[in-house]
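First up is the structure itself, then whatever we jot down about it.
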Amino acid sequence: MSLVVDVRQRLGTFALDAAFTAEGGVTALFGRSGSGKTSLVRIVAGLARPDEGRVVLSGDVLVDTARGVFVPAHRRRFGYVFQEARLFPHMTVRQNLDYGRWFAPKGARAENPACIVDLLGIGDLLKRRPANLSGGEKQRVAIGRALLSAPRLLLMDEPLAALDEDRKAEILPYLERLRDEVGIPIVYVSHSVAEVARIADRVVLMNAGRVETVGPASEVLGGPRLVSAAERREAGSVLSGRVEACDAAHGLATIRLQGGLPLVVPAAGVSAGEAVRLRIPARDVMVATVRPEGLSALNILEGTVEAVEPDGEGMTSLVLSCRGDRIRARITAFSAGRLGLAPGLPVYAVVKTVALE
1 MSLVVDVRQR LGTFALDAAF TAEGGVTALF GRSGSGKTSL VRIVAGLARP DEGRVVLSGD
61 VLVDTARGVF VPAHRRRFGY VFQEARLFPH MTVRQNLDYG RWFAPKGARA ENPACIVDLL
121 GIGDLLKRRP ANLSGGEKQR VAIGRALLSA PRLLLMDEPL AALDEDRKAE ILPYLERLRD
181 EVGIPIVYVS HSVAEVARIA DRVVLMNAGR VETVGPASEV LGGPRLVSAA ERREAGSVLS
241 GRVEACDAAH GLATIRLQGG LPLVVPAAGV SAGEAVRLRI PARDVMVATV RPEGLSALNI
301 LEGTVEAVEP DGEGMTSLVL SCRGDRIRAR ITAFSAGRLG LAPGLPVYAV VKTVALE
């Protein structure tokens with residue numbers, strides 16, 4: 001699947017001028033509030049017309065203003081999940097899901113309803129009405145309804161924004177399963193670094209209606225490319241690995257990273273042999289030029305400095321190469337100068353286990 005977007009639209013004093021290409025998986029439109037994320041996804045969905053530009057999905061031209069082409073939303077076969085679940089209050093969960101199935105065109109590859117119910121963990125909710133569901137449960141039902149319409153593309157516009165932290169933690173594992181087990185490409189809108197790092201394959205970074213950069217989540221969310229100071233403070237590394245062992249007695253798990261290094265993490269929700277993605281906040285990585293001793297931190301990783309980049313506010317962003325895995329650290333410029341940090345210098349990255357997600 002290839003989604004090509006190149007559009008321009010003026011909304012009062014706000015000008016949207018954005019272009020990106022998505023190739024399957026989860027593509028996140030990321031940026032602070034007011035950057036144009038929702039305006040852009042509404043154009044992709046067919047809920048708004050651009051003043052100029054094109055939208056093409058796998059060769060199917062959905063918008064081409066130069067040729068007068070505009071395929072209406074109901075003919076695009078896209079699923080759309082809003083910030084609020086927007087379930088029908090007079091229907092049960094099962095009836096809301098069946099409503100989604102009603103939109104699946106004849107002959108289209110439709111997801112098995114039982115599989116979707118199991119994937120989203122909503123089997124015990126089928127007889128309830130929306131008024132008797134939590135916010136996280138409502139969003140899971142809304143996602144299921146969208147999936148059962150047999151969409152070619154799933155658009156998710158800040159689906160966790162209205163939820164508190166506990167409800168977000170409840171629903172994120174289901175979004176990860178959705179990414180890994182359902183072959184439908186997803187465009188995911190969010191302004192949360194942690195959320196995007198956890199589920200996105202690539203990130204479209206937006207600022208003031210324009211695309212700043214497009215790339216893998218691990219690169220875009222690393223630090224210097226992020227626009228606002230708040231975003232840079234939330235920057236970090238996104239690493240992949242596999243659970244090697246679990247220590248139930250201490251609630252810990254050992255993850256073997258792709259480069260071969262072991263990392264000790266909290267064991268909640270993981271099991272041996274499972275492929276996982278880790279996020280290490282850059283602000284929680286300490287850097288030493290000699291191997292430290294007598295620390296409570298369980299992760300001391302040997303590596304070399306790959307890059308040193310000024311990061312504003314008297315801070316410095318570091319990229320450390322640890323057997324090929326790139327770990328980012330954010331320290332004060334004063335500390336970077338005092339330690340003489342420069343590309344090629346051998347160092348140790350110190351990561352507290354409790355900082356890992």
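If you count the sequence shown from 1, position 107 lands on 107 in UniProt numbering, and the numbers rise without skipping. Note that CB positions come from ideal geometry on N, CA and C, so glycine has one too. In this text, all values refer to a predicted model and were calculated from it rather than measured experimentally.
In the three-state DSSP reduction, Phe103 falls in the coil class, being neither helix nor strand. Spatial neighbours of Arg233 in its own chain (CB-CB distance under 7 Å, excluding positions within 5 residues in sequence) are listed in chain order as Arg283. Contact check for Ser317 against Val305 fails: the beta carbons are separated by 9 Å or more. Buried is the label assigned to Val117, since at least 16 other Cβ atoms lie within 10 Å of its Cβ.
Of the candidates Leu153, Val287 and Asp51, the residue whose Cα lies closest to the Cα of Gly340 is Val287.
Per DSSP, the beta bridge partners of Phe70 are Val63. A direct Cα-Cα distance of roughly 13 Å separates Asn132 from Phe88. For Gly303, the number of other beta carbons within 10 angstroms of its own is at least 16, and it is reported as buried.
Arg291 counts as exposed, since fewer than 16 other C-beta atoms from the protein chains shown sit within 10 angstroms of its C-beta. Taking the C-beta atoms as reference points, Pro50 is found no nearer than 9 Å to Val69.
Phe78 is positioned such that its CB atom lies no closer than 9 Å to that of Val204.
Scanning Leu148, Pro151, Ala146 and Ile199 for the CA closest to the CA of Lys168 turns up Ile199. Residue pairing from DSSP places Met156 in a beta bridge opposite Val81 and Tyr188.
Leaving aside the five residues that flank Val56 on each side, the residues in its chain whose CB is nearer than 7 Å to its CB run, in chain order, Val4 and Leu62. The residue among Tyr174, Arg323, Leu97 and Tyr80 with its C-alpha nearest the C-alpha of Val141 is Leu97.
With contacts defined as CB atoms closer than 9 Å, Met206 and Leu40 qualify as a contacting pair. Closest option to Pro151, judged by alpha-carbon separation, among Ser237, Ala161 and Lys106: Lys106.
Between the alpha carbons of Val351 and Ile331 lies a gap of roughly 13 Å. Here the stretch 208-218 makes contact with the stretch 18-29; the two share three or more CB pairs at distances below 8 Å.
If you keep only unbroken beta strand (DSSP E) runs of at least 3 residues inside the stretch 242-326, you get 252-257, 262-266, 275-281, 285-288, 299-310 and 315-322.
Between Gly269 and Leu252, the alpha-carbon positions lie close to 11 Å from each other. Rounded to the nearest whole angstrom, the CA to CA distance from Arg75 to Val26 is 22 Å.
Separation of Gly24 and Leu155 (C-alpha to C-alpha, rounded to the nearest whole angstrom) is 13 Å.
Taking the CA atoms as reference points, Ala66 sits about 12 Å from Val7. Listed as beta-bridge partners of Ser237 by DSSP are Ile280. Under DSSP, Met91 takes part in no beta bridge, so it has no partner.
Inclusion of Leu298 and Leu278 in the CB contact set at 9 Å is not warranted, their separation being larger than that value.
The DSSP-derived three-state label of Asn112 is coil. Under the DSSP assignment, Val41 falls in the alpha helix (DSSP H) whose first and last residues are Lys37 to Ala45.
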